[in-house]
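Trainee: Residue numbers (our numbering), protein chains in the order written: chain A, 148 to 558; chain B, -16 to 358.
#1: For a contact defined as C-beta to C-beta under 8 angstroms, what are the partners of residue 125 (chain B) on chain A?
#2: Run through chain A and tell me which residues come within less than 9 angstroms of residue 301 (chain B), C-beta to C-beta.
#3: Using only the alpha-carbon positions, how far apart do residue 293 (chain B) and residue 551 (chain A) sit?
#4: Hey, could you find the ends of the alpha helix (DSSP H) residue 100 (chain B) is sitting in?
#5: Verify the CB distance criterion: does residue 228 (chain A) have a CB-CB separation below 8 angstroms to chain B?
#6: Contact between the segment 342 to 362 of chain A and the segment 14 to 28 of chain B: three or more CB pairs below 8 angstroms?
#7: Could you say which of B:342, B:289 and B:243 lies nearest to residue 277 (chain B) if we only look at CA atoms?
#8: Taking the beta carbon of residue -4 (chain B) as the centre, do at least 16 other beta carbons fall within 10 Å, making it buried, or is it exposed?
#9: Answer with buried or exposed for residue 27 (chain B), where buried requires no fewer than 16 other C-beta atoms within 10 angstroms of its C-beta.
#10: Whole angstroms is fine: what's the gap from residue 590 (chain A)'s alpha carbon to residue 268 (chain B)'s?
#11: Counting C-beta neighbours from all protein chains within 10 Å, is the total for residue 219 (chain A) 16 or more, i.e. buried, or is it exposed?
#12: Of all the alpha helix (DSSP H) runs that stay within the bounds of the segment 470 to 539 of chain A, which reach a length of 4 or more residues?
#13: Which residues in the same chain have their Cβ closer than 7 angstroms to the Cβ of residue 207 (chain A), if we skip the five residues on either side of it in sequence?
#14: Using a Cβ cut-off of 8 angstroms, which residues of the segment 363 to 389 of chain A contact any Cβ in chain B, in chain order?
#15: What residues in its chain sit with their C-beta under 7 angstroms from that of residue 98 (chain B), if we drop five residues either side in the sequence?
#16: If we count the other Cβ atoms within 10 Å of its Cβ and call it buried at 16 or more, is residue 351 (chain A) buried or exposed?
#17: When DSSP labels each residue in this structure, what does residue 217 (chain B) get in the three-state scheme?
#18: Taking the CB atoms as reference points, tell me whether residue 296 (chain B) and residue 328 (chain B) lie closer together than 8 angstroms.
#19: Using a Cβ cut-off of 9 angstroms, which residues of the segment 42 to 55 of chain B contact any Cβ in chain A, in chain order?
#20: Just verifying my parser: in three-state terms, what is the DSSP assignment at residue 414 (chain A)?
#21: Any beta-carbon of chain A closer than 8 angstroms to the one on residue 251 (chain B)?
#22: Should residue 43 (chain B) go down as buried or exposed, given a rule of 16 or more other Cβ atoms within 10 Å for buried?
#23: Suppose the cutoff is 7 angstroms on Cβ atoms and the five residues either side in sequence are ignored; what does the same chain contact list for residue 34 (chain B) look like?
#24: Please identify the residue among B:156, B:134 and B:129 whose C-alpha is closest to the C-alpha of residue 307 (chain B).
#25: With which residues is residue 203 (chain A) paired in a DSSP beta bridge?
#26: With a threshold of 8 angstroms on Cβ separation, who are the neighbours of residue 358 (chain B) within its own chain once the five nearest residues in sequence on each side are excluded?
#27: Straight-line CA distance for residue 312 (chain B) to residue 153 (chain B)?
#28: Look up residue 49 (chain B) in the DSSP assignment and say whether it is helix, strand or coil.
#29: Between the C-alpha atoms of residue 211 (chain A) and residue 303 (chain A), what's the straight-line distance to the nearest angstrom?
#30: Using a Cβ cut-off of 8 angstroms (strictly closer), state whether residue 21 (chain B) contacts chain E.
#31: Can you tell me which of the three DSSP states residue 408 (chain A) falls into?
#32: Looking at chain A, is there any beta carbon in it that lies within less than 8 angstroms of the beta carbon of residue 265 (chain B)?
#33: Check whether the Cβ of residue 283 (chain A) lies closer than 8 angstroms to any Cβ atom in chain B.
#34: The alpha helix (DSSP H) that contains residue 142 (chain B), what's its start and end?
#35: If the criterion is Cβ atoms closer than 8 angstroms, does the pair residue 257 (chain B) and residue 183 (chain B) meet it?
#36: Give the residues of chain B in contact with residue 564 (chain A), contact being defined as C-beta atoms less than 9 angstroms apart.
Okay, structure coming up:
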């Protein structure tokens, strides 16, 4: 098979037959779902079996709407695929009344297919190109949401369920997300393409970081506390007596060695200065051990998966008492970022090029009285690799030996 | 619901403020907002949250097809179940699954049974596989190297007992599958991250690459076009041809196959036989154990053979087996690697070493740990 064969994009029955294998197996299959819709599945089958993307990026637009609409066309130019990203409420609690409206839009204006839990935080609905204009109106006026969150703008914000569904939430993540998303100074950037590249904001209620904010958002909010976790000695003794908790395990699993167990007095001590907020003890002995009372919100910047210099984790900036305090800092940093970053560079790329001073000076100016972080240095990561033929052979051989080990002679 | 709107198109510039979170919360959550004090697990798929007022709610996590692609038909089933047995609300999880919320254990168990009947398993909490998150890849994307949803399907088919809790794991396991180096499945800070990549330098499409280049070489004197400017290693050279048009050349010795050029220009080709996936191991965003970190690239390349992807499934199985053998209870993969050493972990996995997986062990201090001045 040569590249020119691929370019002709000849659809075949064989590909569809091969795709049927993906409908078997115990886990629910996306192919089964796709077959219930008007999605052009032959093109997907062709792509999967040829290891070649069936789509080119298309240009499609609804006048006056500048974000949230994405379009593809097939290589042979016969089929197009348009989808909208729609904002969901913070925490992604979706009432059935709202879902019914989504079903209505997907049926009447779309092809009956959606991505229920999109990775940016949005719900993605496939739309028929000729009905896209009305679909926008319906999404805005009937669904009560809006399209947006693609391109060089604010992507969909994301918050963990926080106080709505979790015992560990240290601040109100949902209110924080609503505050920033609907604040006029932030909201004015929605539905525009003004930034050098995307900006993401994510909110996690505790150091468990269920929103993945540490690794995937330019502005990161994580709930934390100062000092040691709160210990209810009475309750802890009860839990130890009933065998739910082993105090030795608590001591052993603490990564900073901050915990000690006094066997005579049956008391647990946690050294607040050493505590790394790793939450290992809290996970094992909740609710006898809880996060401390002196609650703070850690503000960090600059993590991402996709950028010029490869993936990064966040740099720490300051400890806040209230989520609202970060607003002037965020606006200042957006300003610096928009004015200084080359196209398609994320905030972290700018930090790597110009130094963290850019951020720390903005923080000094806009968050004067807040305790500052000591940011860690980062390693450089590459995700792809150009392999030589020898290396490819070596890894293929190794993978084949594993296939033999696990699948035996049935191949 | 059939409403028609015939607004002036210019009205469309009036964007809408996204709805507030409280609009869709059920009353019981509004009453107990921020007042949850305890939780109990009922099997792998049901969590009971207990409020200080004594009220409790039950959440049921149910797995969805890869990339959470569902038809309206399935959505209607979900709505039906949530209406009948739930509190008329569901939650889309970060791991691309769905959570039902209800007010009694009986109803929660009923939801588990009904969804199981539809073919959607419940599980994914505690010491188990929480989710395999996938990007959309060939479904809707034009930049992709491998198809993430079908790899996800192949992995889920094997790892389903770990999701439902029939098979035990030492700790939580998150798997992410991305079709290319953009890592749209979310993060490189996952326990196991499968990332598709080209494994080769891109070849410009001789006919169509012109759509990504300026028409005249004169333009190069003023500005570097995106297609060359985005390259982090300066492997893409643009030059003036004799006829005044622009030529392009990719230096495959410099290229790191990061795919940035593919992001801004569709017209690069590749040899499908050289495409593969890299497997990263041991990252996480949670602050537990040794803290947040990005994953190590332990396996730089595995061949891709659709539709069963046996090689990829076998490699991930091997990694999980090595982890299970070495882990102490409650340890995530990253913590196990920290304790036994990366060198030893890779030796047990048995992966051939090359310049691509010469991982350097470092002590990291990320996330909220940057605020603790203890050293």
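Even glycine gets a Cβ: it sits at the ideal position worked out from N, Cα and C.
Mentor: Working from what's here:
#1: Indexing the second chain from 1 puts residue 125 (chain B) at position 142. Under the 8 angstroms cutoff, chain A gives 200, 202, 203, 204 and 219.
#2: Reading the second chain from its first residue, position 318 is the one you call residue 301 (chain B). Neighbours of residue 301 (chain B) on chain A, chain order: 549, 552 and 553.
#3: Locating residue 293 (chain B) in the second chain gives position 310, counting from the first residue. Locating residue 551 (chain A) in the first chain gives position 404, counting from the first residue. The alpha-carbon atoms of residue 293 (chain B) and residue 551 (chain A) are separated by roughly 10 angstroms.
#4: Counted from its first residue, the second chain places residue 100 (chain B) at position 117. Taken as a continuous stretch (DSSP letters only), the alpha helix (DSSP H) holding residue 100 (chain B) covers 88 to 101.
#5: If you number the first chain from 1, residue 228 (chain A) lands on position 81. Answer yes: the Cβ-Cβ gap between residue 228 (chain A) and chain B drops below 8 angstroms somewhere.
#6: no
#7: By one-based count along the second chain, residue 277 (chain B) stands at place 294. Of the residues B:342, B:289 and B:243, the one whose Cα lies closest to the Cα of residue 277 (chain B) is B:342.
#8: Taking the first residue of the second chain as 1, we reach residue -4 (chain B) at position 13. That one is exposed.
#9: To locate residue 27 (chain B), count along the second chain from 1; it is residue 44. So residue 27 (chain B) ends up on the buried side.
#10: Because chain A in this structure spans residues 148 to 558, residue 590 (chain A) falls outside the shown range and cannot be described.
#11: Walking along the first chain from the start, residue 219 (chain A) turns up at place 72. Under this definition residue 219 (chain A) is a buried residue.
#12: 474 to 487, 494 to 501 and 504 to 513
#13: Against the first chain, residue 207 (chain A) aligns to sequence position 60. Beyond the five residues adjoining it in sequence on each side, residue 207 (chain A) comes within less than 7 angstroms, by CB distance, of 216, 218, 229 and 276 in the same chain, given in chain order.
#14: Hits within the stretch, in order: 363, 369 and 371.
#15: Counting from 1 along the second chain, the entry for residue 98 (chain B) is found at position 115. Taken in chain order, the residues that qualify are 45, 64 and 105.
#16: Here the question's residue 351 (chain A) lines up with position 204 in the first chain. Buried, because 16 or more other Cβ atoms sit within 10 Å of the Cβ of residue 351 (chain A).
#17: As a first step, residue 217 (chain B) is located in the second chain; it is residue number 234 there, counting from the start. Residue 217 (chain B): coil per DSSP, three-state reduction.
#18: As a position in the second chain, residue 296 (chain B) is number 313, starting the count at 1. As a position in the second chain, residue 328 (chain B) is number 345, starting the count at 1. In this structure, residue 328 (chain B) does not lie closer than 8 angstroms to residue 296 (chain B) by Cβ.
#19: 42, 46, 47, 48, 49, 50, 51, 52, 53, 54 and 55
#20: Sequence index remark: in the first chain, residue 414 (chain A) carries index 267 (1-based). Strand at residue 414 (chain A).
#21: Within the second chain, the letter at position 268 stands for residue 251 (chain B). Taking Cβ atoms only, chain A never reaches closer than 8 angstroms to residue 251 (chain B), which makes this a no.
#22: Counting from 1 along the second chain, the entry for residue 43 (chain B) is found at position 60. With 16 or more other Cβ atoms within 10 Å, it is buried.
#23: Position 51 of the second chain, counting from 1, holds the residue named residue 34 (chain B). Closer than 7 angstroms at Cβ, skipping near neighbours: 15, 18, 19 and 20.
#24: Locating residue 307 (chain B) in the second chain gives position 324, where the first residue counts as 1. Looking from the CA of residue 307 (chain B), the closest CA among B:156, B:134 and B:129 belongs to B:156.
#25: As a first step, residue 203 (chain A) is located in the first chain; it is residue number 56 there, counting from the start. Partner(s): A:220.
#26: Taking the first residue of the second chain as 1, we reach residue 358 (chain B) at position 375. Note on residue 358 (chain B): pLDDT 40, under 50, position unreliable in the model; the coordinate value appears next. For residue 358 (chain B), where only same-chain residues beyond five positions count, there are no Cβ hits under 8 angstroms.
#27: What you label residue 312 (chain B) is simply residue 329 of the second chain in a count that begins at 1. What you label residue 153 (chain B) is simply residue 170 of the second chain in a count that begins at 1. Answer to the nearest angstrom: the Cα atoms are 5 angstroms apart.
#28: Residue 49 (chain B) sits at position 66 when you count from the first residue of the second chain. Shown here, residue 49 (chain B) sits in a helix according to DSSP, grouped into three states.
#29: Here the question's residue 211 (chain A) lines up with position 64 in the first chain. Here the question's residue 303 (chain A) lines up with position 156 in the first chain. Approximately 19 angstroms between the Cα atoms of the pair.
#30: Protein chains in the displayed structure are A and B, and chain E is not among them.
#31: Counting from one through the first chain, the residue named residue 408 (chain A) turns up at place 261. Three-state result, residue 408 (chain A): strand.
#32: Looking up residue 265 (chain B) in the second chain gives position 282. Put simply, the CB of residue 265 (chain B) is far from chain A, with every gap to its CB atoms at 8 angstroms or more.
#33: If you number the first chain from 1, residue 283 (chain A) lands on position 136. Yes, residue 283 (chain A) lies at the interface with chain B (some Cβ there is under 8 angstroms from its Cβ).
#34: Taking the first residue of the second chain as position 1, residue 142 (chain B) is located at position 159. Residue 142 (chain B) -> alpha helix (DSSP H) spans 131 to 147.
#35: The residue you call residue 257 (chain B) lines up with position 274 of the second chain. The residue you call residue 183 (chain B) lines up with position 200 of the second chain. Yes, they are a contact pair.
#36: Residue coverage of chain A in this structure runs from 148 to 558, which leaves residue 564 (chain A) outside it and unanswerable.
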